[in-house]
Amino acid sequence: MSDCLFCSIASGAAPGFMVATTPTAAAFLDVRPVFKGHVLVVPKTHVVTLGDLDPAEIPEYFGFVQRIARAVETGLSAGGTFVAINNRVSQSVPHLHTHVVPRTKGDGLKGFFWPRTKYESDEEALSFAEKISTVMSS
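Heads up: the sequence shown begins at 180 in this note's numbering, then just goes up one per residue.
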């Protein structure tokens, strides 16, 4: 879909801090992360919600989400991850995306209140993307 930001990032037509890709999905940094290293995983085909995803694609998609979650933990020395999907409500871009947020004990995240932060620079964002990407490549 030409006017979808996530389709554009996944295809390389728009800039994004890419972490990893498969033939059917892409993972890139959220530009307004809950915590630095917060990754969005999206299918490359335009679907709005999880319910719209072709059932045949679910194992591959969530297998990729699982690999990203492991890479976030390992690459960022995180204590764990928070993995979530919004369908329509609170979905700022109408394209299915799975949040993979690095967590540490005492990080202050409570319930579904998501405070946002910013990367200090593109270089800092790129360093987080590279840390996760390195794990994905090994």
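Virtual Cβ for every residue (Gly too), placed ideally from N, Cα, C.
Thr313 is positioned such that its CB atom lies closer than 8 Å to that of Gly254.
Between the C-alpha atoms of His276 and Asp301 there is a straight-line separation of about 22 Å. Per the C-alpha coordinates, the member of Tyr298, Thr203 and Lys223 positioned closest to Phe185 is Lys223. Met315 has no beta-bridge partner at all, per DSSP. Per the DSSP secondary-structure output, Val220 pairs in a beta bridge with Ala206 and Thr277. Taking each of Lys215, Thr201, Val227 and Ser190 in turn and checking the Cα distance to Arg282, the smallest one comes out for Lys215. Distance check between Thr203 and each of Leu232, Lys284 and Glu299 places Leu232 closest, using alpha-carbon atoms only. Around the beta carbon of Gly285, fewer than 16 other beta carbons lie within 10 angstroms, which makes this residue exposed. For Thr253, the enclosing alpha helix (DSSP H) begins and ends at Ile237 to Gly254. With contacts defined by Cβ atoms closer than 8 Å, Val268 and Val279 do not form a contacting pair.
According to DSSP, residue pairing for Ile264 in a beta bridge involves Thr277. Assignment of Gly230 by DSSP, reduced to helix, strand and coil, places it in the helix class. Phe241 places its beta carbon 8 Å or farther from that of Thr201.
Scanning its chain for C-beta atoms nearer than 7 Å, with the 5 sequence neighbours on each side dropped, one finds around Val221 the residues Phe185, Ala189, Ala204, Ala205, His274, Leu275 and His276, in chain order. Of the other Cβ atoms in all chains shown, fewer than 16 fall within 10 Å of the Cβ of Pro238; this residue is therefore exposed.
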